[in-house]
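Protein chains in written order, with the working numbering: chain A, 1 to 432; chain B, 433 to 691.
So, in structure tokens, the structure goes:
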């Protein structure tokens with residue numbers, strides 16, 4: 001009956017990974033609700049960007065303290081996962097520390113993991129202090145109330161618990177402690193158990209081992225509900241990010257066709273529209289399905305660090321706009337649309353949309369299009385492109401620009417300048 | 433002032449080396465016109481064969497595009513492109529980062545492909561070619577801070593040309609806390625120039641001006657007519673008009689030489 005453990009472990013693993021795969025498919029489906037945009041060009045440059053920005057964390061260190069702590073947690077996370085592989089093999093086959101056949105190299109590995117685990121634990125505690133004690137402003141903007149705040153804390157607690165369990169598991173492993181190599185951290189914790197009986201220590205070791213792997217599986221499944229998805233999506237997000245100059249906005253093709261027709265002197269103004277022609281495309285975006293899939297992936301990738309908002313001139317001066325909130329609201333609406341599809345088989349009109357129900361006109365008109373948010377984002381998210389698409393809908397579909405902007409646009413239309421000056425006076429300056 | 437138009441040059445059978453795109457602010461705004469004239473003085477001094485479009489120039493469509501009016505933008509873009517292509521324009525220089533960005537990045541897809549330079553890049557190339565020499569003159573030793581226009585800096589990664597020109601004036605270049613990629617917007621971009629700001633607790637231009645004043649400058653230099661207006665307003669709001677001047681890089685160079 002020694003197999004019960006192994007079977008339980010296998011079932012746990014299948015359930016844990018199974019749920020994760022199921023939810024991942026939902027995320028992919030939701031992202032694909034976005035409009036098509038071609039980002040298949042320049043694969044080499046894209047790959048290099050991904051290596052540099054996602055793997056190499058090059059934009060994180062722009063804020064050195066947060067950046068270095070983040071690199072420690074990130075490196076720890078990746079490297080300690082080698083240990084998870086051992087746990088899985090041990091769990092499935094009933095072995096104990098199967099990699100220990102590597103001898104001295106194994107001790108070196110585990111020793112490194114222990115030091116990393118300790119550093120991660122320390123970093124995460126510092127993160128918690130920054131958030132809760134120092135109350136760094138960007139973690140306390142108004143969009144960070146409720147779930148976003150709890151989500152951030154949950155992640156920190158998860159990591160604290162997982163790292164502690166890893167160290168505890170090593171500390172209470174009598175055989176491992178007796179070897180007394182590769183235990184630079186856990187040997188001190190082991191001292192605490194010197195008075196305890198062999199059985200007690202053994203039970204603690206088994207419990208820590210099980211809780212560690214269960215914790216990892218829960219954390220894996222927590223990602224779907226959390227801002228922590230960035231640990232996976234940072235990679236495709238940096239790969240597919242915009243490579244053009246930041247000031248270059250897209251030219252809407254649908255508009256180009258119309259403008260060309262308007263400017264064509266041989267066009268027949270009374271011509272009946274082509275019956276086979278597709279209905280005209282909607283200009284701009286009022287809901288998430290009008291955005292492109294890269295913008296939707298951006299929304300899932302955002303980890304709500306708030307660097308964008310801290311750099312936003314509108315937000316700094318107390319305006320309603322927060323680029324982070326733009327991304328969070330886009331994700332909230334996208335998840336709502338996704339749930340609607342889960343429930344009804346296809347999207348049923350729910351009388352809501354991204355514009356107005358989530359993002360208000362006041363927010364998007366406060367933007368100066370300065371690109372500070374785009375520049376700041378450590379994973380190349382582009383909140384500005386969403387703001388502009390929403391503006392396009394407001395202006396071209398609803399004629400709902402602020403009055404002063406309407407005057408500006410009327411002036412451009414009539415005088416060829418945003419002010420009321422006569423086109424014929426354009427060169428007057430040379431004689432003034 | 434010698435300011436030939438493309439029409440005049442073409443009539444004489446001359447193809448100028450570069451088109452100076454003046455822009456709406458440079459043509460109509462009283463403050464920006466001074467920048468335009470300063471730049472023309474330098475062009476004439478350096479014997480650059482240039483021309484302007486004059487009454488054939490129209491708004492590039494930038495503010496319309498940033499406001500979300502793609503129709504108005506593309507109509508203006510295509511009209512301008514027809515004019516530019518008719519004159520077989522190859523190279524454009526402009527003193528407005530908004531015109532610069534639009535002409536450089538957004539016109540090519542609509543059929544307007546030109547080499548487009550911001551005037552600070554162009555001045556730097558004149559310097560490199562030895563067509564102008566910049567000496568300290570009256571700005572020697574002055575404290576000058578440079579405000580990065582968003583559409584020049586972050587939007588197009590031009591940070592060094594304006595700074596190099598300031599250094600050539602033998603002035604002391606002092607950087608603000610937020611500069612280059614971290615530069616704070618003046619508050620005018622994205623068509624904000626033409627409307628009141630949304631409700632908040634401060635004007636962006638005041639925030640930026642305060643940052644500039646922290647460097648205790650004699651002069652705040654910019655390379656954009658809209659930034660110039662915003663910072664000048666900020667200086668007025670802070671009652672610093674008698675202590676600090678707001679000047680375009682082209683003005684600094686022209687004034688240094690007393691052109």
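The beta carbon of each residue, even a glycine, is placed where N, CA and C say it ideally should be.
Pick from the options that is closest to residue i, judged by C-alpha positions
i                      : options                    : result
residue 436 of chain B : B/471, B/474, B/481, B/470 : B/481
residue 132 of chain A : A/152, A/356, A/429        : A/152
residue 451 of chain B : B/691, B/624, B/619, B/525 : B/525
residue 23 of chain A  : A/221, A/261, A/290, A/246 : A/221
residue 599 of chain B : B/636, B/627, B/574        : B/574
residue 552 of chain B : B/497, B/546, B/560        : B/560
residue 204 of chain A : A/260, A/245, A/389, A/171 : A/171
residue 679 of chain B : B/541, B/661, B/567        : B/661
residue 441 of chain B : B/521, B/557, B/593        : B/521
residue 92 of chain A  : A/169, A/56, A/74, A/7     : A/7
residue 485 of chain B : B/513, B/474, B/499        : B/513
residue 507 of chain B : A/334, A/261, A/225, A/379 : A/261
residue 687 of chain B : B/585, B/601, B/626        : B/601
residue 70 of chain A  : A/424, A/154, A/120, A/320 : A/120
residue 353 of chain A : A/286, A/125, A/90         : A/286
residue 490 of chain B : B/623, B/457, B/588        : B/457
residue 515 of chain B : B/498, B/540, B/544        : B/544
Cβ of residue i within 7 Å of any chain A Cβ
i                      : result
residue 503 of chain B : yes
residue 415 of chain B : Any property of residue 415 of chain B remains undetermined from this structure, which presents chain B solely from 433 to 691.
residue 557 of chain B : no
residue 616 of chain B : yes
residue 447 of chain B : no
residue 460 of chain B : yes
residue 626 of chain B : yes
residue 697 of chain B : With chain B running from 433 to 691 in the structure shown, residue 697 of chain B is simply not present.
residue 456 of chain B : yes
residue 588 of chain B : yes
residue 648 of chain B : no
Integer Cβ distance of residue i from residue j, believed to fall under 8 Å
i                      : j                      : result
residue 630 of chain B : residue 616 of chain B : That pair is no contact at about 17 Å.
residue 564 of chain B : residue 478 of chain B : 5 Å
residue 136 of chain A : residue 167 of chain A : 28 Å between Cβ atoms; not a contact.
residue 383 of chain A : residue 323 of chain A : 4 Å
residue 643 of chain B : residue 595 of chain B : The Cβ separation is near 17 Å, so there is no contact.
residue 550 of chain B : residue 532 of chain B : 5 Å
residue 385 of chain A : residue 621 of chain B : Wrong, their Cβ atoms sit about 15 Å apart, outside the cutoff.
residue 538 of chain B : residue 249 of chain A : 7 Å
residue 165 of chain A : residue 124 of chain A : With a Cβ gap of about 13 Å, residue 165 of chain A and residue 124 of chain A do not count as contacting.
residue 418 of chain A : residue 626 of chain B : 6 Å
residue 30 of chain A  : residue 338 of chain A : 4 Å
Below-7 Å beta-carbon distance, residue i vs any chain B residue
i                      : result
residue 136 of chain A : no
residue 306 of chain A : no
residue 385 of chain A : no
residue 79 of chain A  : no
residue 248 of chain A : yes
residue 419 of chain A : yes
residue 366 of chain A : yes
residue 430 of chain A : yes
residue 472 of chain A : Residue 472 of chain A lies beyond the range of chain A shown here (1 to 432); nothing can be said about it.
residue 324 of chain A : no
residue 266 of chain A : no
residue 39 of chain A  : no
residue 370 of chain A : yes
is_contact[residue i, chain E] using C-beta, thresh 7 Å
i                      : result
residue 416 of chain A : Included in the structure are the protein chains A and B, with no chain E among them.
Residue i beta carbon near the ligand HEM (any heavy atom closer than 6 Å)
i                      : result
residue 473 of chain B : The model depicted lacks the ligand HEM and carries no ligand whatsoever.
- Message: Give the list of continuous beta strand (DSSP E) stretches no shorter than 3 residues that lie fully inside the region 397–432 of chain A.
- Response: List check, beta strand (DSSP E) in window: nothing returned.
- Would you call the region 101–121 of chain A and the region 12–24 of chain A in contact, with 3 or more CB pairs under 8 Å? Contact between the region 101–121 of chain A and the region 12–24 of chain A is absent: fewer than three C-beta pairs spanning the two stretches fall below 8 Å.
- Unbroken stretches of the alpha helix (DSSP H), 4 residues or longer, contained in the region 549–606 of chain B: Within the region 549–606 of chain B, the complete alpha helix (DSSP H) segments of 4 residues or longer fall at 551–560, 592–600, listed in chain order.
- Task: Would you check if there are 3 or more beta carbon pairs closer than 8 Å linking the region 392–410 of chain A to the region 341–349 of chain A?
- Result: Segments in contact, no.
- Task: Could you say if the region 34–46 of chain A and the region 281–292 of chain A meet the contact criterion of at least three C-beta pairs nearer than 8 Å?
- Result: At 8 Å Cβ cutoff, the stretches touch.
- Message: Three Cβ pairs or more, each shorter than 8 Å: is that satisfied between the region 521–538 of chain B and the region 437–457 of chain B?
- Response: Because the criterion of three Cβ pairs below 8 Å is met, the region 521–538 of chain B and the region 437–457 of chain B touch.
- Could you tell me whether the region 454–467 of chain B touches the region 503–518 of chain B, where touching means 3 or more Cβ pairs closer than 8 Å? No, they do not touch.
- Three-pair Cβ contact test at 8 Å for the region 108–121 of chain A versus the region 170–187 of chain A: The region 108–121 of chain A vs the region 170–187 of chain A: in contact.
- Message: Which complete alpha helix (DSSP H) runs does the region 488–545 of chain B hold, if anything under 4 residues is left out?
- Response: Contiguous alpha helix (DSSP H) elements confined to the region 488–545 of chain B occur at 494–498, 502–518, 529–533, taking only those with 4 or more residues.
- Which residue spans inside the region 164–220 of chain A form an unbroken alpha helix (DSSP H) run of at least 4? Taking 4 residues as the shortest admissible run, the region 164–220 of chain A contains the following complete alpha helix (DSSP H) segments, listed from N- to C-terminal end: 174–179, 186–190.
- Query: Which whole runs of the beta strand (DSSP E) in the region 68–156 of chain A are 3 residues long or more, in chain order?
  - Reply: Segments of the beta strand (DSSP E) lying fully in the region 68–156 of chain A: there are none.
- Task: Examine the Cβ distances between the region 237–247 of chain A and the region 493–500 of chain B and report whether three or more of them are shorter than 8 Å.
- Result: The region 237–247 of chain A vs the region 493–500 of chain B: no contact.
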